[in-house]
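Enquirer: Following this message is one structure expressed as structure tokens.
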Amino acid sequence: MPQPPWKPLLIQHLGTLNPPNFALATISSNAAPLNPPFCPPGAMHPPPPSIPSLVPRVRTMIYRGFFGTLPANPHTPLPNHNPPIMTSDMLTFTTDARMTKTGELTPDHTSGGDATRGTCGGAEVEMCFWMEEPQNQWRVRGRCYLLAEEDVDTSHEIQEELKKRMEFSPEGDKDQWSWKKEVQAHFANLAPAMRGSFSNPPPGTPVNVDLSQLENNTGGGEQLKKGTNVKNEDVLKMGGPEEIARRNMRVGVVVPEVVERVDLAADDKTARRWVWWFVGEQEGEGVKDGWKEIETFP
Numbered sequence: 001m002p003q004p005p006w007k008p009l010l011i012q013h014l015g016t017l018n019p020p021n022f023a024l025a026t027i028s029s030n031a032a033p034l035n036p037p038f039c040p041p042g043a044m045h046p047p048p049p050s051i052p053s054l055v056p057r058v059r060t061m062i063y064r065g066f067f068g069t070l071p072a073n074p075h076t077p078l079p080n081h082n083p084p085i086m087t088s089d090m091l092t093f094t095t096d097a098r099m100t101k102t103g104e105l106t107p108d109h110t111s112g113g114d115a116t117r118g119t120c121g122g123a124e125v126e127m128c129f130w131m132e133e134p135q136n137q138w139r140v141r142g143r144c145y146l147l148a149e150e151d152v153d154t155s156h157e158i159q160e161e162l163k164k165r166m167e168f169s170p171e172g173d174k175d176q177w178s179w180k181k182e183v184q185a186h187f188a189n190l191a192p193a194m195r196g197s198f199s200n201p202p203p204g205t206p207v208n209v210d211l212s213q214l215e216n217n218t219g220g221g222e223q224l225k226k227g228t229n230v231k232n233e234d235v236l237k238m239g240g241p242e243e244i245a246r247r248n249m250r251v252g253v254v255v256p257e258v259v260e261r262v263d264l265a266a267d268d269k270t271a272r273r274w275v276w277w278f279v280g281e282q283e284g285e286g287v288k289d290g291w292k293e294i295e296t297f298p
């Protein structure tokens, strides 16, 4: 599969971001202010609407590279955990399965985290990057999938969706590459404090709640503790906060369907927007390497 025409410049612009922040927009069918599964009995919620409504949600995230190509990190304890033989046009981030956004990344858009929900997803999202140095805005719209260490190797339906946008080097041994190893490599590529954050108390839980009374879908119960670090030598350790953290972490993979770039670096007369949308094997005017491109006014 050829490289998308927009990818080289996006990678160049991403290199100007430190940290590489972006806004992730989702749709929620639940307007409750707290994380529904983790609220204690009697917690106050707004009354449910008589007619289900969809509300927009947005939060700031950190870009974690294209799927199959982790950002270089000299401190990772698993530098060659998966052989570097696969590339893709799919952008990644990491998140906690217990956060409200994970439910919004499923097709029914129901807000709410659940540590027992493994590999899943398929909802439409939009990523928005603002690059100050080149004065460019990039937006990436597509479907998002969440990969969990414990069941990603057996989640064949989602694997097939992602494989459509993956390419393996003909010189590499595909049998040495695994989905589980890719998720573990993402975990290892994080800083110790960030790894440990996945064994914190459930996001959105009131601080006066007795963690031992929480349900099983909270990802650790009374073992959860704020401020845990997962050291390099413990990233694959079984038992304790290390395993809890890996169990709660998800790798988000966004399959791009529409990509937009707005260039505001030039004067107003020459400012332009470029839009690419994925057409696969279709042919036609403006189509290159599976993407149709059009230049517009911003």
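Everything in the sequence shown is counted per full-length UniProt numbering, starting at 1 for the first residue and increasing by one. Just so it is clear, CB atoms sit at the ideal spot from N, CA and C, and this is done for glycine as well.
What does the alpha-carbon distance come out to for the pair GLN12 and TRP6?
Expert: 10 Å
Enquirer: Given 8 Å as the limit, is there contact between the stretch 258 to 266 and the stretch 138 to 147, that is, 3 or more CB pairs closer than that?
Expert: yes
Enquirer: For ARG247 and GLU150, I'd like the C-alpha separation in whole angstroms.
Expert: 7 Å
Enquirer: With DSSP as the reference, identify every bridge partner of GLY142, one or two as the case may be.
Expert: Bridge pairing for GLY142: VAL125 and PRO256 [DSSP].
Enquirer: How would you write the range of the alpha helix (DSSP H) that PRO56 sits in, first residue to last?
Expert: From DSSP, PRO56 is part of no alpha helix (DSSP H) but of the beta strand (DSSP E) over 55 to 62.
Enquirer: Measuring straight from C-alpha to C-alpha, what distance separates GLY290 and ARG165?
Expert: 11 Å
Enquirer: Checking 8 Å against the spacing of the C-beta atoms, do CYS144 and ALA123 come in under that value?
Expert: yes
Enquirer: Is it true that the CB of PHE297 sits closer than 8 Å to the CB of CYS128?
Expert: no
Enquirer: Note down, in chain order, each residue of its chain lying with its Cβ closer than 6 Å to the Cβ of MET131, except the 5 sequence neighbours on either side.
Expert: HIS13 and THR16
Enquirer: With distance defined between alpha-carbon atoms, name the residue in PRO84, ASP89 and GLN135 nearest to ASP263.
Expert: GLN135
Enquirer: Examine the Cβ distances between the stretch 68 to 78 and the stretch 187 to 195 and report whether three or more of them are shorter than 8 Å.
Expert: With three or more CB-CB distances shorter than 8 Å, the stretch 68 to 78 counts as touching the stretch 187 to 195.
Enquirer: Give the single residue among GLU171, ALA271 and LYS237 whose Cα lies nearest to the Cα of PRO77.
Expert: LYS237
Enquirer: Measure the CB-CB distance between ALA193 and ASN229 and report whether it falls below 8 Å.
Expert: yes
Enquirer: Using beta-carbon positions only, say whether LEU147 and VAL125 come within less than 8 Å of one another.
Expert: no
Enquirer: MET86: which of GLY65, THR119 and THR110 sits nearest, CA to CA?
Expert: GLY65
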